[in-house]
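Taking the numbering used here, the leading residue of the sequence shown gets 10, the next gets one more, and so forth. Report on one structure; see the data block that follows.
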Amino acid sequence: MGLLSGKRALIVGVASKLSIAAGIAEAFHQQGAELAFTYQNEKLKPRVEGFAKGWDSELTFPCDVSSDEEIENVFKELGKHWDGIDIIVHSVGFAPGEELDGNYVDVTSRKGFLMAHDISSYSFVALAKAGQSMMREGGSLLTLSYYGAEKTIHNYNVMGVAKASLEANVRYMANSMGEKGFRVNAISAGPIRTLAASGIKSFRTMLTENAKRAPLRRNVTIGEVGNGAAFLCSDMASGITGEIMYIDGGFNITAMGPVEQ
Ligand code: NAD
Ligand code: 0WE
10 MGLLSGKRAL IVGVASKLSI AAGIAEAFHQ QGAELAFTYQ NEKLKPRVEG FAKGWDSELT
70 FPCDVSSDEE IENVFKELGK HWDGIDIIVH SVGFAPGEEL DGNYVDVTSR KGFLMAHDIS
130 SYSFVALAKA GQSMMREGGS LLTLSYYGAE KTIHNYNVMG VAKASLEANV RYMANSMGEK
190 GFRVNAISAG PIRTLAASGI KSFRTMLTEN AKRAPLRRNV TIGEVGNGAA FLCSDMASGI
250 TGEIMYIDGG FNITAMGPVE Q
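Listed below in structure tokens is the structure:
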């Protein structure tokens, strides 16, 4: 029996086979969960439908998380197929590309700041708000963060500020939803080459430097993040809520990596 057998999960944030959300879907499927997906726009629809079939799912719904109507519609439509839901995975982040390159104070605009916070942080509580009436006992929510929430990381800029908001959001949501028995957690993942990372200048070099400093001396995979997600959303983690769990090869515990002789 899988860790997640009998559980139903909605996964928001699959864009390609490299997506962290795809690693999570793969692990959830392996652990016996039943899955449903959203796609950001019509361009991604056929791709996400194809992936869904690979995980034995026919349930895909459009959802741009900047729209309350689209978010509400997901649960309205999902309700026609499922009488309840156990897990919501939020694997979404966005800031205007030009604000992730250059001096933070110089490149950050009001519009970009609001957009980053809206899509990368507010949308998590928006999903909780719309989905909670369908959630069953033992339900949990999960989001994805990055170490740039806590320490400055060159060029991560406004995304770091939005991730700090997201991590605080996890704690406030956990406290708020705890009275209903629902758990809310985040995984802070190490850097991984995905679509969201492909537009980032010097990402290759960052991956190399990251691997050198991490105690495991390598980067992590979406499979490893997926397995951690399966644990956090399973009843094995029934005592864990409001937590930011690192899956980063230990990078966050170090202050300086090996120095060339
Ligand atoms: P990805 O590009 O595969 O996934 C990002 C997803 O966000 C896509 O599916 C995209 O469609 C979705 N998205 C963006 N704007 C949206 C909107 N308005 N409405 C609905 N969906 C929207 O990249 P990823 O690396 O898998 O990113 C997933 C999450 O993991 C993000 O929160 C990211 O910040 C986080 N994360 C990534 C890394 C990394 O190095 N790749 C590390 C730590 C955390
Ligand atoms: O959260 C992220 C990436 C999020 C992201 C990426 C993009 C690129 C394309 C958000 N918005 C956009 N907007 C775009 O137009 N990561 C954790 C990956 C990442 O991004 C970085 C990193 C790392 C790691 C940006 C700068 C420095 C390091």
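We treat Cβ as the ideally placed atom computed from N, Cα and C, and that holds for glycine. All of these numbers come straight from a predicted model, not from anything done at the bench.
Cα separation between residue i and residue j?
i    : j    : result
K54  : E252 : 32 Å
S154 : N164 : 16 Å
A139 : D115 : 37 Å
A42  : M10  : 11 Å
M144 : G93  : 6 Å
G259 : K221 : 11 Å
G169 : G22  : 19 Å
R213 : M186 : 39 Å
R17  : A195 : 19 Å
E81  : S132 : 12 Å
L87  : D73  : 16 Å
K210 : E146 : 44 Å
Can you tell me whether residue i is helix, strand or coil according to DSSP?
i    : result
A30  : helix
I94  : strand
H38  : helix
R17  : strand
P267 : coil
A198 : strand
S132 : helix
P71  : strand
I249 : coil
H126 : helix
A24  : coil
Y181 : helix
M10  : coil
I162 : coil
Locate the beta strand (DSSP E) running through residue i, then write down its first and last residues.
i    : result
E188 : Element bounds for E188: n/a, residue is neither H nor E.
I80  : Segment D77 to L87 is the alpha helix (DSSP H) holding I80; no beta strand (DSSP E) there.
L109 : Taken as a continuous stretch (DSSP letters only), L109 belongs to no beta strand (DSSP E), as it is neither H nor E.
S154 : M144 to S154
T47  : E43 to Y48
Considering only residues of the same chain and omitting the five flanking positions on each side of residue i, which have a CB-CB separation below 7 Å?
i    : result
E58  : T69
E107 : V116
E233 : I256
Could you give the first and the last residue of the continuous alpha helix (DSSP H) run that contains residue i?
i    : result
P105 : Note, P105: premise wrong, no alpha helix (DSSP H); not H, not E.
P224 : Where P224 is concerned, there is no enclosing alpha helix (DSSP H), given that its DSSP letter is neither H nor E.
L204 : L204 to S207
A61  : K54 to G63
E233 : I231 to L241
Assuming residue i and residue j are in contact, meaning their beta carbons sit under 8 Å apart, how far apart are those beta carbons, in whole angstroms?
i   : j   : result
L44 : A34 : 6 Å
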